[in-house]
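Undergrad:
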Amino acid sequence: MKAFWLMRSAAGTFADNKIVAAPLYLLLFLYLAALEVLYFIPFAPLRKHLGPVVQRLFGDLFLHYPHHLLLLPKLFQYAQLAVYLFFGSLLIPVSIALIDQVYHQRPASLRKAFGRAVRAYPQVLLLLTLMMTVMLWKMGLLDLLVQRAARIRSAAGPFKLLKDVMLFGAPYINLLLDIVIQTFFAAAIPAVVTGAGRIADALRMNFRLVKQYRATVFGLIFVPSLLHVPLHLLRATAVFTDTLPETTVILLAAGACVNVFVEGMVYAGLTILCLTPKEGA
Amino acid sequence: MKKTLIFLYTCLVLAAAAGLWFNRNGTYLAERSLWKLSREYDAIVNNTTGTPTQNYVFLLEKLDKFIRRYSPHRVVSVGYILRGRLLTVQGKYALARQEFDEALDMFAGQEALVVQLLLEEAQMYALAGDHQGVTDTYDRIISEHALTPHGMQGPLILAKYFVQKREAARAKEAYIAAIDHYRRLIEKYPDSQVEFQSRLLLAESFKFLEDWDKVLELHKETLLKFAAPEFWNRQSLLYVIQSINSATILRNKDFTTPVAIYSEFIQKYPNHPFNDDLTEYIRRIQYMEARTRETGAPVDASALEGAPVLEGAPAP
Chain A
18 MKAFWLMRSA AGTFADNKIV AAPLYLLLFL YLAALEVLYF IPFAPLRKHL GPVVQRLFGD
78 LFLHYPHHLL LLPKLFQYAQ LAVYLFFGSL LIPVSIALID QVYHQRPASL RKAFGRAVRA
138 YPQVLLLLTL MMTVMLWKMG LLDLLVQRAA RIRSAAGPFK LLKDVMLFGA PYINLLLDIV
198 IQTFFAAAIP AVVTGAGRIA DALRMNFRLV KQYRATVFGL IFVPSLLHVP LHLLRATAVF
258 TDTLPETTVI LLAAGACVNV FVEGMVYAGL TILCLTPKEG A
Chain B
109 MKKTLIFLYT CLVLAAAAGL WFNRNGTYLA ERSLWKLSRE YDAIVNNTTG TPTQNYVFLL
169 EKLDKFIRRY SPHRVVSVGY ILRGRLLTVQ GKYALARQEF DEALDMFAGQ EALVVQLLLE
229 EAQMYALAGD HQGVTDTYDR IISEHALTPH GMQGPLILAK YFVQKREAAR AKEAYIAAID
289 HYRRLIEKYP DSQVEFQSRL LLAESFKFLE DWDKVLELHK ETLLKFAAPE FWNRQSLLYV
349 IQSINSATIL RNKDFTTPVA IYSEFIQKYP NHPFNDDLTE YIRRIQYMEA RTRETGAPVD
409 ASALEGAPVL EGAPAP
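Protein chains in written order, with our numbering: chain A, 18 to 298; chain B, 109 to 424.
#1: If we count the other Cβ atoms within 10 Å of its Cβ and call it buried at 16 or more, is residue 423 of chain B buried or exposed?
#2: In chain A, which residues lie with their C-beta within 7 Å of the C-beta of residue 353 of chain B?
#3: Can you pull out the residues from the region 132 to 143 of chain B whose beta carbon lies closer than 7 Å to at least one beta carbon of chain A?
#4: Tell me whether residue 188 of chain B counts as near the ligand SAH, meaning its Cβ is closer than 6 Å to at least one heavy atom of that ligand.
#5: So, under 8 Å CB-CB, residue 427 of chain B and residue 360 of chain B are touching, yes? Tell me the CB distance rounded to an integer number of Å.
#6: What are the boundary residues of the alpha helix (DSSP H) that residue 165 of chain A is part of?
#7: Would you kindly report the start and end of the unbroken alpha helix (DSSP H) that includes residue 328 of chain B?
#8: Within its chain, find whatever has a CB closer than 8 Å to the CB of residue 97 of chain A; leave out the 5 residues flanking it on each side and keep chain order.
#9: Does DSSP put residue 62 of chain A in a helix, in a strand, or in coil?
#10: For the alpha helix (DSSP H) containing residue 176 of chain A, list its first residue and its last residue.
#11: Kindly list, in the order they appear in chain A, the residues whose Cβ is closer than 9 Å to that of residue 130 of chain B.
#12: What in chain A is Cβ-close to residue 117 of chain B, meaning under 7 Å?
#13: Which residues, taken in chain order from the region 74 to 106 of chain A, show a beta carbon closer than 9 Å to some beta carbon of chain B?
#14: Using a Cβ-Cβ cut-off of 7 Å, state whether residue 57 of chain A counts as contacting chain B.
#15: What residues in its chain sit with their C-beta under 8 Å from that of residue 203 of chain B, if we drop five residues either side in the sequence?
#16: Is it buried or exposed, residue 119 of chain B, if we count other Cβ atoms within 10 angstroms and call 16 or more buried?
#17: Report yes if the CB atom of residue 82 of chain A is closer than 7 Å to the CB atom of residue 182 of chain B, and no otherwise.
#18: When the Cα of residue 398 of chain B is compared with those of B:339, B:363, B:236 and B:368, which residue comes out closest?
#19: Helix, strand or coil: which one does DSSP assign to residue 297 of chain A?
#20: Can you name the start and end residues of the alpha helix (DSSP H) that residue 397 of chain B belongs to?
#21: Closer than 7 Å by C-beta to residue 235 of chain B: which residues in its own chain qualify, once you throw out the five before and the five after it? Chain order, please.
#22: If residue 288 of chain A and residue 207 of chain A are in contact, beta carbons under 8 Å, what's the gap, nearest whole angstrom?
#23: Could you check whether the Cβ of residue 423 of chain B sits closer than 7 Å to any Cβ belonging to chain A?
#24: For residue 228 of chain B and residue 192 of chain B, which I take to be in contact (beta-carbon distance under 8 Å), what is that distance rounded to the nearest angstrom?
#25: As a quick exercise: from B:220, B:348, B:232 and B:218, pick the residue whose alpha carbon is nearest that of residue 206 of chain B.
#26: Between the Cα of residue 346 of chain B and those of B:394, B:378 and B:308, spot the shortest distance and give me the residue it belongs to.
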């Protein structure tokens, strides 16, 4: 229940203090700009500069319609990762610092928040890199399992069931594992920004929070992340991509919006959770 | 901050709009239009319940608009091909030919496109049952674009066309013409990829004439002369080995000749990447020979089917 209270508080903070969401809008802008650049690779003038890169890495076919749109999700995934690591490490802490100011009933100052975010940037970058590394390692492992499952030849019985679960459920298993991994790391970022300073202290505080409020932290990340499910379902529906390949771009843009929304809710909720026990103490 | 964000998002939208506007007649958008038209075309030709004539007319008009809008992009050639095919399906062969000729004029000098258009034209003649048209078109591909993949295979394709149409005399004539053609190419381009390809195609022509000695001789020479791996891919190597095995083991229960050929190759090129595979073939052939002698049973071709995957050869 506390997770829902935190989410309501986070939503209330965003609604009452529009400036808190500004860094997140900027992050979304960067995601969408990256998507736009990637979409326009086969068009002039980008084709001249970025076309040869795609040609060399993936083949000439992927500079042509509709194959380019098949490659776009993969390219956007890399771009999103880079934007999240290098710009998210700055913009998310700005948002967290703003929430801290609001929470302590101080006037929300973007300048001060930015200053704090810059100071926390190396630690946050390291934490996010660590989290992303674990996520990528998990994704690689899951890929191997999916490939192994694809080779199961049973037409019925438990192995067939296992194959179906692995092949059709892979994106959902991936999402669930992402949530679990995030549960173990996410609170460290608000901890760094709101005062822990050093990574070791932030991680200690994070583990204490996770131990104390395991269900709350998991719920806080899990519930907003459910918004990814309809997108996965739409992506899996071939009708869209077969009849109108451009849907891929719309789904990717929607995915970026959902990502930023989820990040906003999660980090706002976790910041409030980080600050609450301090107050109590 | 609010103003900055509004400005940034406006820039994003404007950049997208400008990108699309500046490329409105570009290749990517032409490809997109073509993809949609191809889907309509597929729907029409795959409709087994009969397509109303009106649908053909609509699609022909759309293709015409596409051609006029995006000329002279390369993708326009596909527009012409689709129009030609639609007219062929309707039995309007003269109009289809006109389409192909118009496209051939437009893309003259772009060899790959020209060959593709000529192949479509030949296909149209084949559907019309015009053997002379097919022959003339293939002759044009063979003479004007001899070294393209279709130009190389043209004489054989033409011969196979007559086999398919049960024109035995013309088929034989075409195979003999193919043999002459490939021999000329071998003489003209010695020690080249052209000679290598011509040898394989020549052997294929002899196969039709059931001159197995020539097939064997050619494959043996090819294997020993063109040992450099860059000439081969998995398919061509498998094809040569299977042809040698068919011409000897399966036809005459002759186990000695293939073993001799593969052994000669291994001896001549001791460090060749194909050697492990050829050794495995030799081992299997010798085992097969012993089994056949022992039981007196007919040769079991399947024993060679699960043969090595020829990992030494590059993928095609």
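Glycine included, C-beta positions come from ideal geometry on N, C-alpha and C. In this text the structure is predicted, and so the values were computed from the model without any measurement.
TA: Concretely, from the data shown:
#1: Unreliable placement is indicated for residue 423 of chain B, whose pLDDT of 49 sits below 50; the coordinate value is still reported in the next sentence. Burial check for residue 423 of chain B: the Cβ neighbour count within 10 Å stays below 16, so the residue is exposed.
#2: The contacting residues do not exist; residue 353 of chain B stays about 31 Å from chain A at best.
#3: 134, 136, 139, 140 and 143
#4: By its list of ligands, the structure shown contains no ligand whatsoever, and the ligand SAH lies outside what it can speak to.
#5: In this structure chain B extends from 109 to 424, so residue 427 of chain B is not present and cannot be described.
#6: Run containing residue 165 of chain A: 127 to 167, per the alpha helix (DSSP H) assignment.
#7: Note, residue 328 of chain B: alpha helix (DSSP H), 320 to 333.
#8: 48, 51, 273 and 276
#9: coil
#10: 175 to 202
#11: The contacting residues are 60, 61 and 62.
#12: 46
#13: Identification of residues in the region 74 to 106 of chain A having a C-beta nearer than 9 Å to some C-beta of chain B yields 80, 81, 82, 83 and 85, given in sequence order.
#14: The Cβ of residue 57 of chain A sits closer than 7 Å to at least one Cβ of chain B.
#15: In the same chain as residue 203 of chain B, and ignoring 5 residues on each side of it, the C-beta atoms closer than 8 Å to its own belong to 195, in chain order.
#16: exposed
#17: Taking a C-beta distance under 7 Å as the contact criterion, residue 82 of chain A and residue 182 of chain B do not qualify as a contact pair.
#18: B:363
#19: In this prediction, residue 297 of chain A scores a pLDDT of 42, lower than 50, which makes its location untrustworthy; no coordinate-derived value is stated.
#20: 383 to 403
#21: 196
#22: 4 Å
#23: Its pLDDT being 49, under 50, residue 423 of chain B is placed unreliably by the model, and nothing is read from it.
#24: Confirmed, about 6 Å.
#25: Nearest to residue 206 of chain B by alpha-carbon distance, out of B:220, B:348, B:232 and B:218, is B:232.
#26: B:308
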